[in-house]
Each structure stands twice: as structure tokens, then as C-alpha cells.
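A quick write-up on the structure given underneath.
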Amino acid sequence: MLTTAEEDRLEASFPLKGLTVDYEGGSYTYDLTPFWSGGDDAGDDATADPDYPALVFGWDAQSEPAPERQPVDNVASIDNPTDVPEYRETETAEVYDELSVTVAVEAAHDANGVPPQVRGSQLARHLWRFTEHDLDLNSVGPDGERPMRVDVQSGPTPSRVKLTYRLEWALRLHHSETKETVYDTVESVGVEAEQTRD
5 MLTTAEEDRL
15 EASFPLKGLT
25 VDYEGGSYTY
35 DLTPFWSGGD
45 DAGDDATADP
55 DYPALVFGWD
65 AQSEPAPERQ
75 PVDNVASIDN
85 PTDVPEYRET
95 ETAEVYDELS
105 VTVAVEAAHD
115 ANGVPPQVRG
125 SQLARHLWRF
135 TEHDLDLNSV
145 GPDGERPMRV
155 DVQSGPTPSR
165 VKLTYRLEWA
175 LRLHHSETKE
185 TVYDTVESVG
195 VEAEQTRD
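Using our numbering, the first residue of the sequence shown is number 5, and each one after it goes up by one.
Here it is, written out as C-alpha cells:
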């Protein structure tokens with residue numbers, strides 16, 4: 005499960021300003037509004053409608069285990085310093101979250117005369133290509149956000165929802181969850197043995 009800071013980093017990585025749509029010899033620029041369908045700390049309401057055109061994020065699955073990508077016994081590291089009477093064992097588990105990404109536009113010609121199918125498909129193409137080729141979160145973020153490997157699971161699928169035209173695709177975000185446990189150690193062990201003869 006991503007933290008709020010990791011969701012913010014993901015959202016900020018998308019190029020949502022100045023996207024170009026070409027139609028009948030004209031070129032038009034659009035800015036998309038990011039919107040989390042489940043609500044978020046920024047105040048997005050899950051029941052509200054976003055401002056269109058929008059890029060809508062929604063979680064399909066969170067913290068799903070990836071059993072084929074786990075370290076032995078889930079132990080990633082053991083830190084056993086000689087100058088303190090304890091050692092730290094770090095357990096890690098690779099998990100993934102599935103995120104739906106949807107370009108949503110109003111299902112009507114806009115002020116430029118561009119139909120919703122043209123508008124939506126070109127905006128979705130820009131952003132799908134970005135997620136397929138350029139979205140890179142596989143490093144520690146500026147505020148300590150965990151690295152994530154991003155896999156695109158599908159191409160954009162069109163649909164109509166209420167008065168909107170939408171194109172949705174899925175991302176799988178691989179990351180790790182860690183837990184640290186501190187164990188006490190002893191400096192020495194005394195053993196006494198008594199030998200007997202029969």
C-alpha cells in the first residue's frame with residue numbers, strides 16, 4: 005500500500021499540462037485535472053465529479069503478495085554490531101498494487117469543436133505512452149518514498165460513464181514492505197559440564 009507521499013509523487017510525475025490534440029488541421033492544448041476516485045488527503049471526494057478533462061486514479065488492489073519474488077525466509081538483512089547488546093533483523097516482502105488510470109472527458113464537442121472520442125483518445129495516447137516508456141519511480145524519492153517498478157498491464161479501453169467518455173488502463177506498481185525487529189544478545193554464555201563414569 006502506498007503512503008500519501010508516494011501517491012503524491014506518482015501523481016506529480018504525470019505530464020498533465022499542455023497536452024496537444026490535433027483535429028481537422030487545428031492543434032489544441034489541454035490541461036488535465038488529477039483526481040483520486042477513492043478520495044485522498046488533498047480533499048478529493050470519492051462521490052464528487054472531477055473537473056474535466058481529468059486523469060482519474062483508482063486502486064483495484066493493494067498490498068498483494070508476489071510470492072515468486074521473496075527473499076529466503078523474508079529476511080533481507082541482519083545487523084549485528086559488536087558494540088551493542090542487540091541485533092536487528094529486517095524482514096521484507098515484495099508486494100504490488102494495481103492502479104487504474106483513466107482519461108475522462110465530457111461526452112460532447114468542446115469549445116474548440118473537438119469531439120470527445122478524438123479528444124479522449126489522443127490525450128489517453130499521450131499518457132499511456134508516458135506510462136509505458138517514461139514513467140520511472142525506481143529510485144528513492146526526495147522525501148524517502150520507496151522505489152517502485154511500474155508495469156503497464158493493458159492498453160486504453162474506451163467506455164461511457166454518465167456524461168463522460170473514458171479510456172482506462174491498468175498499472176501494476178511493485179514495491180517492498182519492510183519490518184525491523186530488535187533482538188537482545190548476550191555477551192557470553194557460561195556452560196558447566198559434569199562428567200560421570202559408569
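Think of the CB as a built atom: it goes at the ideal place given N, C-alpha and C, for glycine as much as any other residue.
- Runs of the beta strand (DSSP E) lying entirely within the region 111 to 156 and spanning at least 3 residues, in chain order: 153 to 156.
- For a cut-off of 8 Å, the C-beta gap from residue 173 to residue 105 is around 6 Å, short enough to register as a contact.
- For residue 172, the secondary structure class from DSSP, reduced to helix, strand or coil, is strand.
- Residues of the same chain with their beta carbon placed closer than 7 Å to that of residue 140 are lacking, with the five preceding and five following residues left out of the count.
- In the three-state reduction of the DSSP assignment, residue 201 falls in the coil class, being assigned neither a helical nor a strand state.
- Within the same chain, Cβ atoms closer than 6 Å to the Cβ of residue 22 are found at 33, the five residues on either side in sequence being excluded.
- When 200, 166 and 13 are compared, the shortest CA-CA separation from residue 112 is found for 166.
- Residue burial is scored here from C-beta neighbours: residue 66 has fewer than 16 other C-beta atoms within 10 angstroms and is therefore classed as exposed.
- Burial check for residue 152: the Cβ neighbour count within 10 Å reaches 16 or more, so the residue is buried.
- Close CB contacts of residue 83 within its chain, under the 7 Å cut and outside five residues either way in sequence, are with 91 and 92 (chain order).
- Its Cα nearest to that of residue 157, the residue 176 stands out among 61, 176 and 117.
- Spanning the alpha carbons of residue 160 and residue 30 requires a straight line of approximately 24 Å.
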